[in-house]
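There are 2 protein chains.
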Amino acid sequence: MAGTDHRQKRDLGPAPSVVLVNPQLGENIGMAARAMANFGLMDLILCDPREGWDREKAEAAASGAIETVKAAKVEPVLAEALKPFHYVYATTARPRGMTKDVMTPEQAAADMHARIARGEKIAILFGRERFGLTNDEVSLADMIITAPVNPAYASLNIAQAVLLVGYEWFKPVATTLGMETQELPALEGPGLQMPGTRPATKDELYGFFEHIEGELDAAGFFKTDDKRPGMIRNMRNLFARAQPTEQEVRSLRGIVSSLTRVHELRKLKRGE
Amino acid sequence: MAGTDHRQKRDLGPAPSVVLVNPQLGENIGMAARAMANFGLMDLILCDPREGWDREKAEAAASGAIETVKAAKVEPVLAEALKPFHYVYATTARPRGMTKDVMTPEQAAADMHARIARGEKIAILFGRERFGLTNDEVSLADMIITAPVNPAYASLNIAQAVLLVGYEWFKPVATTLGMETQELPALEGPGLQMPGTRPATKDELYGFFEHIEGELDAAGFFKTDDKRPGMIRNMRNLFARAQPTEQEVRSLRGIVSSLTRVHELRKLKRGE
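Chains as they are written, first to last, in our numbering: chain A, 112 to 383; chain B, 112 to 383.
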């Protein structure tokens, strides 16, 4: 299926950002960039790529999508990388033992289009070559994407996973471009009603997480250090699932401040 | 997206055959075999492969799908290779100047399932790396498949083309295997994964509401009586939207108790 029309504009409007988490090989970064270009995905973020990853091999593998690799942002910490986004999808091969929703690439694409139409910024996480995303990384996302794959042979490399998700993203775009005569997937998602407000950014949400976790630390909520990460993950999953608005995040912070007020007053009394 | 269950049977019933026409590189043959295995496609035909193509590289690239490469039939002449089939699809990047119908991979998959259910034998042609299928080769097929791809960057390699067509073929198979619930609504009540727990009852949820609202009353959170009902409604909406599990409701109560602990301690001290 070769054939590129170089007169065409490559940018097809707002689209999800692709975040490769801890990628190891330049070739895979390049192949992922190529799959992105196939489907109008422009923004590539490399989170904690292996030190000394081979930029030349990446650009060679990217072929015509070399600009995507050149323009890739590198960010060492995933939570930092996700701060500008309103909604984050994590791709995994199998459902994880987590209370988090799972969508197929097709369902996720319809959801992404609805969100982007509402002005949300979207990121999709793809894990490292060997073992995908860790549970902690998945817990930073709002939704899991799992492609239906033969359970007897379920391994997809990064570029293939990007290809399938990008393909589903692009289908409705192709339709609006008049590239095919296909039924448009339902673009009108349920769409939260948010009069006078907007979805919280990850930055705002993480700010709340740090706030409540700091107070819970102070209150001795996490009994043991080894239980702390799992408890925090579960709590973050729960709040992220509610997809709070910016206003609601401020309310949540107000609630935490209020509940801990006496705590603070006592500190003041003690002159701390 | 790694993760293979080796106990699973790989053969998922009758499926289309994949015909690689004049492939040049062993690696690409191997990668195509791998994409086939991902989606339950078993039968690989190599039509006029380049003389001396590297079988070792093909098997290395095939990874777990090595049997598919080993079992591949080699046939020098396309018209001969296609003799056992009832219906043949040709994949091309662009519609050709030919009086032949074009389908998307999705439309073609539906058509293939209908034909295979009627007992037809189906083949899908994929062209050589550099320039795809010749017009003569396409003319041997009954139907063209063209994937919707960004016209500014339309090149897909063989394995990627196999992946997209295989993916669409497999979607309905996955559904019949119960691997997914296709009709997943986007935001409200998608199938939550709740390992070892269950959705909270309203009773449990309301118990939490009373708990947190009581504590917020005690902390003076609701500044004025007339604002109280609206604030409570918003807060209840937020927590209800997360659809917490029974376990999570208990955690939320633990969080509230923890945050207000000092408050309680002070009450105890005062002998209240």
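Glycine residues also receive a C-beta, built at the ideal position from the N, C-alpha and C atoms.
DSSP places B:Tyr198 in the uninterrupted beta strand (DSSP E) bounded by Tyr198 to Thr202.
Taking the Cα of B:Ala234 as reference, the smallest distance to any Cα among B:Asn246, B:Ala220, B:Asp247 and B:Pro310 is reached at B:Ala220. Taking 8 Å as the CB threshold, A:Lys282 lines the interface with chain B.
Shown in chain order are the members of the segment 166–190 of chain B whose Cβ falls below 8 Å from a Cβ of chain A: Ser174, Gly175 and Ala176. The shortest C-alpha to C-alpha distance from B:Phe350 to any of B:Gly331, B:Phe332, B:Ala330 and B:Pro310 is the one to B:Pro310.
Interface with chain B (8 Å Cβ-Cβ cutoff): A:Phe196 is excluded. Bounds of the alpha helix (DSSP H) holding A:Val360 are Glu357 to Leu370.
Identification of chain B residues near A:Arg372 by a Cβ-Cβ cut-off of 7 Å yields Ala330, ordered along the chain.
From the beta-carbon of B:Arg352, the residues of chain A found nearer than 9 Å are Leu303, Arg352, Ala353, Gln354 and Pro355.
Under the three-pair Cβ rule at 8 Å, the segment 140–150 of chain A counts as touching the segment 170–177 of chain A.
For the options A:Asp314, A:Leu189, A:Leu275 and A:Phe320, the alpha carbon positioned closest to that of A:Thr245 is the one of A:Leu189. Within the same chain, and ignoring the five residues on either side of A:Leu288 in sequence, the residues whose Cβ sits closer than 8 Å to its Cβ are Leu123. Against chain B, the CB of A:Leu274 has a partner CB under 8 Å away; the residue lies at that interface. Listed as beta-bridge partners of A:Val130 by DSSP are A:Ile156 and A:Leu236.
Contacts with chain B at 8 Å (Cβ-Cβ) include A:Tyr264. Counting along the chain, A:Glu186 sits inside no alpha helix (DSSP H); it lies in the beta strand (DSSP E) bounded by residues Lys184 to Glu186.
Burial is judged here by how many other beta carbons sit within 10 angstroms of a residue's own beta carbon; B:Gly238 has at least 16 and is buried. Per DSSP, reduced to three states, the secondary structure at B:Gly243 is strand.
In the DSSP assignment, B:Met346 forms no beta bridge with any residue.
A residue is called buried when at least 16 other Cβ atoms come within 10 angstroms of its Cβ; A:Asp212 meets this threshold and is buried. Taking all protein chains in view, the Cβ of B:Val185 is surrounded by fewer than 16 other Cβ atoms within 10 Å, so the residue is classified as exposed.
Counting only Cβ-Cβ distances below 7 Å, A:Gly151 has contacts in chain B at Asn261, in chain order. When secondary structure is reduced to three states using DSSP, B:Pro310 falls in the strand class.
For a cut-off of 8 Å, the C-beta gap from B:Ala252 to B:Val199 is around 4 Å, short enough to register as a contact.
For B:Glu167, the CB contacts under 8 Å within the same chain, skipping 5 residues up- and downstream, are Gly137 in chain order. The three-state reading of DSSP puts A:Val213 in strand, counting E and B together.
A contact between stretches requires three or more CB pairs, one per stretch, nearer than 8 Å, and the segment 308–322 of chain A fails this requirement with the segment 325–342 of chain B. If the five residues before and after B:Phe196 are omitted, its C-beta is found closer than 6 Å to the C-beta atoms of Lys232 and Ala234, all from its own chain and listed in chain order.
Burial check for A:Thr356: the Cβ neighbour count within 10 Å reaches 16 or more, so the residue is buried. Our two residues, A:Gln358 and B:Ala265, have alpha carbons roughly 43 Å apart in a direct line.
Excluding residues up to 5 positions away in sequence, Asn139, Met142, Ala143, Arg145 and Ala146 lie with their Cβ nearer than 8 Å to the Cβ of A:Ala270 in the same chain.
Counting along the chain, A:Glu170 sits inside the alpha helix (DSSP H) bounded by residues Arg166 to Ala173. An exposed status is given to B:Thr335, since fewer than 16 other beta-carbon atoms sit within 10 Å of its beta-carbon.
A:Ser362 and A:Thr202 have their C-alpha atoms some 31 Å from each other.
DSSP lists B:Thr202 and B:Met214 as the beta-bridge partner residues of B:Ile256.
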